[in-house]
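Engineer:
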Amino acid sequence: MSPHLLSVDSLSRDQVDHLLRVASRMEPIAQRRKITRVLEGAVLGNLFFEASTRTRVSFNAAFCRLGGSVCDTTGFTFSSMAKGESLYDTSRVMSGYVDAIVMRHPEQGSVAEFAAATHVPVINGGDGPGEHPSQALLDLYTIDKEFARLGKSLVGAHLLLTGDLKYGRTVHSLIKLLSLYDPMRITLVSPPGLEMPSHLIDLVTSRGHRVEQRESLANDFSDLDVIYTTRIQKERFTDEMSESFNGISQDFSVNRAFLESRCNATTIVMHPLPRDSRPGANDLDVDLNGDPRLAIFRQTDNGIPMRMAIFATLLKVEELIEKDLREVRWFVPKKIGVDDGQPG
Amino acid sequence: MSPHLLSVDSLSRDQVDHLLRVASRMEPIAQRRKITRVLEGAVLGNLFFEASTRTRVSFNAAFCRLGGSVCDTTGFTFSSMAKGESLYDTSRVMSGYVDAIVMRHPEQGSVAEFAAATHVPVINGGDGPGEHPSQALLDLYTIDKEFARLGKSLVGAHLLLTGDLKYGRTVHSLIKLLSLYDPMRITLVSPPGLEMPSHLIDLVTSRGHRVEQRESLANDFSDLDVIYTTRIQKERFTDEMSESFNGISQDFSVNRAFLESRCNATTIVMHPLPRDSRPGANDLDVDLNGDPRLAIFRQTDNGIPMRMAIFATLLKVEELIEKDLREVRWFVPKKIGVDDGQPG
Amino acid sequence: MSPHLLSVDSLSRDQVDHLLRVASRMEPIAQRRKITRVLEGAVLGNLFFEASTRTRVSFNAAFCRLGGSVCDTTGFTFSSMAKGESLYDTSRVMSGYVDAIVMRHPEQGSVAEFAAATHVPVINGGDGPGEHPSQALLDLYTIDKEFARLGKSLVGAHLLLTGDLKYGRTVHSLIKLLSLYDPMRITLVSPPGLEMPSHLIDLVTSRGHRVEQRESLANDFSDLDVIYTTRIQKERFTDEMSESFNGISQDFSVNRAFLESRCNATTIVMHPLPRDSRPGANDLDVDLNGDPRLAIFRQTDNGIPMRMAIFATLLKVEELIEKDLREVRWFVPKKIGVDDGQPG
Chain E
14 MSPHLLSVDS
24 LSRDQVDHLL
34 RVASRMEPIA
44 QRRKITRVLE
54 GAVLGNLFFE
64 ASTRTRVSFN
74 AAFCRLGGSV
84 CDTTGFTFSS
94 MAKGESLYDT
104 SRVMSGYVDA
114 IVMRHPEQGS
124 VAEFAAATHV
134 PVINGGDGPG
144 EHPSQALLDL
154 YTIDKEFARL
164 GKSLVGAHLL
174 LTGDLKYGRT
184 VHSLIKLLSL
194 YDPMRITLVS
204 PPGLEMPSHL
214 IDLVTSRGHR
224 VEQRESLAND
234 FSDLDVIYTT
244 RIQKERFTDE
254 MSESFNGISQ
264 DFSVNRAFLE
274 SRCNATTIVM
284 HPLPRDSRPG
294 ANDLDVDLNG
304 DPRLAIFRQT
314 DNGIPMRMAI
324 FATLLKVEEL
334 IEKDLREVRW
344 FVPKKIGVDD
354 GQPG
Chain V
14 MSPHLLSVDS
24 LSRDQVDHLL
34 RVASRMEPIA
44 QRRKITRVLE
54 GAVLGNLFFE
64 ASTRTRVSFN
74 AAFCRLGGSV
84 CDTTGFTFSS
94 MAKGESLYDT
104 SRVMSGYVDA
114 IVMRHPEQGS
124 VAEFAAATHV
134 PVINGGDGPG
144 EHPSQALLDL
154 YTIDKEFARL
164 GKSLVGAHLL
174 LTGDLKYGRT
184 VHSLIKLLSL
194 YDPMRITLVS
204 PPGLEMPSHL
214 IDLVTSRGHR
224 VEQRESLAND
234 FSDLDVIYTT
244 RIQKERFTDE
254 MSESFNGISQ
264 DFSVNRAFLE
274 SRCNATTIVM
284 HPLPRDSRPG
294 ANDLDVDLNG
304 DPRLAIFRQT
314 DNGIPMRMAI
324 FATLLKVEEL
334 IEKDLREVRW
344 FVPKKIGVDD
354 GQPG
Chain B
14 MSPHLLSVDS
24 LSRDQVDHLL
34 RVASRMEPIA
44 QRRKITRVLE
54 GAVLGNLFFE
64 ASTRTRVSFN
74 AAFCRLGGSV
84 CDTTGFTFSS
94 MAKGESLYDT
104 SRVMSGYVDA
114 IVMRHPEQGS
124 VAEFAAATHV
134 PVINGGDGPG
144 EHPSQALLDL
154 YTIDKEFARL
164 GKSLVGAHLL
174 LTGDLKYGRT
184 VHSLIKLLSL
194 YDPMRITLVS
204 PPGLEMPSHL
214 IDLVTSRGHR
224 VEQRESLAND
234 FSDLDVIYTT
244 RIQKERFTDE
254 MSESFNGISQ
264 DFSVNRAFLE
274 SRCNATTIVM
284 HPLPRDSRPG
294 ANDLDVDLNG
304 DPRLAIFRQT
314 DNGIPMRMAI
324 FATLLKVEEL
334 IEKDLREVRW
344 FVPKKIGVDD
354 GQPG
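Just so you know, the protein sequences line up as chains E, V and B, in that order.
According to this note's numbering, the stretch in the first sequence is residues 14 to 357, in order.
According to this note's numbering, the stretch in the second sequence is residues 14 to 357, in order.
According to this note's numbering, the stretch in the third sequence is residues 14 to 357, in order.
1. Should Gly316 of chain B be labelled buried (16 or more other beta-carbon atoms within 10 Å of its own) or exposed?
2. Buried or exposed, going by whether 16 or more other CB atoms sit within 10 Å of the CB of Pro142 of chain V?
3. Measure from the C-beta of His132 of chain B to each C-beta in chain V and report whether the shortest distance is under 8 Å.
4. Could you give the distance in angstroms between the alpha-carbon of Gly181 of chain E and the alpha-carbon of Thr243 of chain E?
5. Closer than 8 Å, CB to CB, is Met321 of chain V near chain E or not?
6. Determine the DSSP secondary structure at Glu53 of chain E, reduced to helix, strand or coil.
7. Can you check DSSP and say which residues form a bridge with Asp85 of chain B?
8. With a threshold of 16 other CB atoms inside 10 Å of the CB of Ala325 of chain V, please say whether the residue is buried or exposed.
9. My understanding is that Val70 of chain V touches Thr86 of chain B, with C-beta atoms under 8 Å, so please give their C-beta distance in whole angstroms.
10. Using a 10 Å radius around the Cβ and a threshold of 16 neighbouring Cβ atoms, would you call Arg291 of chain E buried or exposed?
11. Beta-carbon of Pro205 of chain V versus every beta-carbon of chain B: anything under 8 Å?
12. Suppose contacts are defined by Cβ-Cβ distances below 8 Å. Is Asp337 of chain B in contact with Arg50 of chain B by that definition?
13. May I ask which residues mark the beginning and end of the alpha helix (DSSP H) holding Tyr154 of chain E?
14. With a threshold of 6 Å on Cβ separation, who are the neighbours of Leu187 of chain V within its own chain once the five nearest residues in sequence on each side are excluded?
15. Name, please, each residue of chain V whose Cβ falls closer than 7 Å to the Cβ of Ser82 of chain B.
16. By Cβ distance, which residues of its chain are closer than 7 Å to Val83 of chain B, with the 5 residues on each side in sequence left out?
17. List, in chain order, every chain E residue whose beta-carbon is nearer than 7 Å to that of Val341 of chain B.
18. Answer yes if the segment 195-202 of chain E comes into contact with the segment 210-229 of chain E, meaning at least three C-beta pairs across the two stretches below 8 Å, and no otherwise.
19. Compare the Cα-Cα distances from Val345 of chain E to each of V:Arg46, V:Glu98 and V:Tyr110 and report the closest residue.
20. Could you name the residues of the same chain whose beta carbon sits closer than 8 Å to that of Thr183 of chain B, not counting the 5 residues immediately before and after it, in chain order?
21. Can you pull out the residues from the segment 293-311 of chain B whose beta carbon lies closer than 7 Å to at least one beta carbon of chain E?
22. DSSP puts Gln226 of chain E in a beta bridge; with which residues?
23. For Asn277 of chain V, collect the residues of the same chain with a Cβ closer than 6 Å to its Cβ; drop the 5 residues on either side in sequence, then sort them by chain order.
24. Using a Cβ-Cβ cut-off of 8 Å, state whether Glu208 of chain E counts as contacting chain A.
25. Rounded to whole angstroms, how far is the Cβ of Pro318 of chain E from the Cβ of Glu40 of chain E, which I believe are closer than 8 Å?
26. By the criterion of Cβ-Cβ separation under 8 Å, what are the contact partners of Ser147 of chain E in chain V?
27. Closer than 7 Å by beta-carbon distance: list the chain B residues that pair up with Asn73 of chain V, in chain order.
28. Between the segment 267-277 of chain V and the segment 290-307 of chain V, can you find at least three pairs of beta-carbon atoms closer than 8 Å?
29. In chain E, which residues lie with their C-beta within 7 Å of the C-beta of Glu126 of chain V?
30. On the DSSP bridge list, what partners appear for Asn137 of chain E?
31. In chain order, what residues of the same chain lie with their CB nearer than 8 Å to the CB of Ser192 of chain B, ignoring the 5 residues before and after it?
32. Taking the beta carbon of Gly169 of chain V as the centre, do at least 16 other beta carbons fall within 10 Å, making it buried, or is it exposed?
33. Drop a sphere of 10 angstroms on the beta-carbon of His212 of chain B, count the other beta-carbons inside from all chains shown, and report buried for 16 or more, exposed for fewer.
34. Buried or exposed for Glu335 of chain B, please, with buried defined as at least 16 other CB atoms from any protein chain shown within 10 angstroms of its CB.
35. DSSP state of Val351 of chain B, grouped into three classes?
36. When DSSP builds the beta bridges, which residues end up paired with Met283 of chain B?
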């Protein structure tokens with residue numbers, strides 16, 4: 014594997030499989046039955062030039078659970094960069110202080126530029142419209158884990174990706190990762206103007222998958238295994254798109270009625286979160302809260318073992334961890350990692 | 014005990030006694046003679062939607078002293094909540110990342126709403142005009158510890174609560190905790206319009222305590238054991254109150270002259286801090302700095318063992334700690350936890 | 014040594030030598046070949062009233078590498094100080110929470126005022142135009158280490174300090190530290206109006222060093238051992254200075270051409286960073302990146318062992334560390350602490 018994790022594009026099928034396996038071995042720690050101190054003495058620089066509480070806390074907690082320490086930095090700019098310091102200087106300086114860097118930045122490509130000047134592993138925690146590879150990996154890990162629980166296989170699975178498929182970087186990265194696996198059937202449903210870019214469809218098709226595009230959810234999905242829904246960001250719409258979208262908005266609500274009438278008892282529902290719970294938001298409906306098919310919180314829970322796997326792999330401790338496990342001594346909530354989204 | 018600590022209302026006398034006992038056993042750690050690693054592998058999410066450096070650092074340090082790691086978040090809003098995420102979603106997601114949550118929020122009730130959706134223990138670090146239970150517990154612990162030092166007992170003790178008794182949440186919570194104990198005498202002195210709410214006086218009286226209300230400090234307090242003074246927040250005054258208050262403001266200054274002329278040699282002085290040291294602030298006077306009766310810094314020092322006790326109890330490690338103590342190896346300042354407020 | 018590190022003025026030659034020796038013994042940890050947990054259980058309060066990501070992360074990482082935990086606070090003011098709390102109260106309260114404090118503050122003298130009220134060691138992380146002693150110590154440590162590598166000695170060495178010598182606090186502190194050592198030759202080159210204050214020149218001269226002031230870099234520096242260049246902050250110029258400076262600005266560029274034409278093969282180039290890499294910034298040129306004489310990143314790398322040495326000395330664990338070393342188990346980048354500034 015590359016010293017960094019900047020994009021899913023650099024990952025081979027073997028490397029993805031390795032990360033899935035390591036993540037799986039991290040479960041006892043993520044579920045707080047075991048602890049390890051394998052990264053004792055290591056320091057993570059968690060650099061968030063753009064706010065993202067959830068992603069920052071997830072990386073921070075994952076590194077701590079491996080025994081390391083974390084130094085968080087948040088804010089739109091570094092104080093030294095305001096004085097004209099180059100990304101090169103900042104990066105090289107930071108690599109003398111910390112042992113790994115997670116960086117989130119609003120500009121596409123900036124994390125790769127940063128990584129080029131550093132001597133320590135850099136993980137892209139999201140670079141604007143660019144990449145967010147740890148999200149795609151935890152999404153794939155969730156599908157893999159849910160399928161194992163349900164006795165299903167990726168071969169021939171039917172997945173529906175819906176919402177904003179044009180700008181949503183999570184669905185772009187996920188579909189690339191999925192395409193590395195055995196042939197499956199992928200249905201895409203998005204409002205007009207927010208379709209999946211054709212080069213991604215071509216890529217997936219060229220790897221033997223069957224891709225189908227539809228304009229509405231008013232279809233039969235009775236053989237569906239996964240719905241992956243994303244928030245439609247209306248602020249990105251042109252006037253024409255807004256008009257057209259308002260007329261058909263109901264078609265994009267994934268809710269209990271849709272699941273009951275058109276899907277089946279084991280169709281799982283995923284979402285990269287956050288979901289917009291405000292009235293009229295047209296996002297994944299809260300009426301599915303408590304339904305075991307709603308996998309969104311198992312999905313975020315899975316961020317911990319997957320991010321642990323990424324750190325463990327980049328820092329080359331994945332083999333050491335199992336020799337270093339100890340029992341947790343403090344109170345362990347029962348539902349972590351295994352609950353079904355019901356209010357506690 | 015409830016899985017959370019949201020309010021002092023949920024605490025029984027036995028539970029408060031337990032916390033006082035555990036806090037006392039944390040003293041060797043808080044005074045930096047011993048260390049423990051009992052919470053190794055645990056992560057605290059320290060979520061401050063409202064700034065409070067002192068409270069945040071105190072919880073953070075208490076968790077670290079038990080061996081855990083802390084991930085701080087500060088700022089008026091979560092980035093994801095700005096995108097319409099519900100408190101329910103935020104809470105459920107965070108509980109997959111961390112093992113305990115301290116939350117401070119400007120809106121009353123928001124911490125309880127947050128706790129309802131989570132699977133990990135939540136501690137209310139202050140919810141606006143609502144509750145701040147760890148402050149009340151450390152206040153009670155301070156009285157208990159000072160009384161033990163002075164050979165005094167809570168039975169029949171005379172306490173004076175003064176300042177803003179209407180809006181000051183710390184005095185509300187403290188008086189509730191005190192009311193669980195043996196009958197004592199509580200005198201209330203506040204400017205007109207800032208009196209203690211009558212339902213709290215009724216509660217305390219119904220539990221056998223003697224409560225007396227006065228409008229001025231110009232009285233004999235020679236049998237007084239504790240003065241608990243709070244900052245009067247003039248920004249909350251109506252015009253009428255301002256006029257009336259300005260005429261009598263001197264009566265509410267707790268200073269060396271008051272202590273010398275009206276109290277006794279063992280009357281301790283407490284304050285939830287911060288105190289306003291600006292000229293004309295009419296807050297607890299700095300002329301008491303260095304007087305052994307000034308207990309305000311012993312009081313903040315006590316925040317560490319009490320917050321350790323809260324974490325230890327919620328995470329069920331209070332029995333384990335004593336088996337896990339080791340000697341501190343680094344430099345230990347002599348005065349921590351036992352000094353009298355004198356400049357160092 | 015004083016319980017605090019507030020200024021280089023308080024340091025004797027013996028104390029500086031001790032810090033250099035301890036820093037040297039920290040190298041295996043800073044270079045991530047060894048780890049120690051000697052500060053286990055200790056908590057650092059890292060209080061940055063003024064933003065400085067680099068300095069904050071460096072202190073944070075140094076404390077973590079010794080096994081301690083860190084609680085960061087950033088922002089222009091403490092929430093409690095906005096309510097009128099004195100620096101005395103804030104300081105005394107914090108000393109009950111943490112075991113050491115690093116404080117950066119925009120006002121000269123504020124860190125010393127803070128230290129006077131606390132019971133724990135305080136390190137000045139920069140107080141506006143005042144002091145930044147850890148920077149001067151890491152600069153001296155860098156010269157010492159580079160000289161050892163090159164087989165040179167401080168006795169009779171020739172150092173050039175250039176740039177803003179009037180306002181640059183780093184050169185003031187550095188020249189004071191250098192003056193404690195054996196006689197050397199120090200050349201000062203600055204634009205008119207930005208000369209080194211005469212009381213500092215007098216101090217250094219009175220200790221037996223040879224100091225020479227020049228107005229331009231257009232001289233022969235073929236026997237030069239060290240160039241220490243600083244950023245010229247044009248925002249501090251009067252109109253007259255701006256005019257005069259614009260005419261001669263080229264003379265103050267330290268770049269590859271200058272090094273090739275006027276210096277020698279072992280002249281090392283230092284800078285306190287950040288350097289302004291924007292076009293026309295007239296700061297240290299990026300065309301030296303990759304040249305082994307460019308020591309600026311080795312210099313920032315050296316911040317870790319020196320800050321570890323400061324913590325270890327103030328917390329009196331410098332003798333314990335060597336008994337407590339363990340091997341690093343995670344991936345160690347090859348170039349940390351030894352590279353030459355080349356892009357990675």
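We put the beta carbon where it would ideally sit given N, CA and C, even for glycine.
Structural biologist: Quick look at the numbers:
1. buried
2. exposed
3. yes
4. 7 Å
5. no
6. coil
7. B:Asn59
8. buried
9. 7 Å
10. exposed
11. no
12. yes
13. Pro146 to Leu163
14. Ala149 and Asp152
15. Cys77
16. Closer than 7 Å at the Cβ level, and outside the excluded window around Val83 of chain B, lie Leu57, Asn59, Asn73, Phe76 and Cys77.
17. Gly54
18. yes
19. Minimum Cα distance to Val345 of chain E is reached at V:Tyr110.
20. His145, Gln148, Ala149, Asp152, Thr243 and Pro285
21. Ala294 and Phe310
22. E:Leu201
23. Exclusion of the five residues before and after Asn277 of chain V leaves Ser235 as the residues of its chain whose Cβ lies within less than 6 Å of its Cβ.
24. Checking the listed chains, one finds no chain A in this structure; the protein chains it contains are E, V and B.
25. 5 Å
26. Residues of chain V passing the Cβ test: none, with the nearest at roughly 14 Å.
27. Cys84
28. yes
29. None at all; the shortest Cβ gap to chain E is about 11 Å.
30. E:Met116
31. Leu216, Val217, Arg220 and His222
32. exposed
33. exposed
34. exposed
35. With a pLDDT of only 46 at Val351 of chain B, under the threshold of 50, the placement of this residue in the model should not be trusted; the figure read from the coordinates follows. Residue state for Val351 of chain B is assigned as coil, using DSSP reduced to three classes.
36. B:Tyr241
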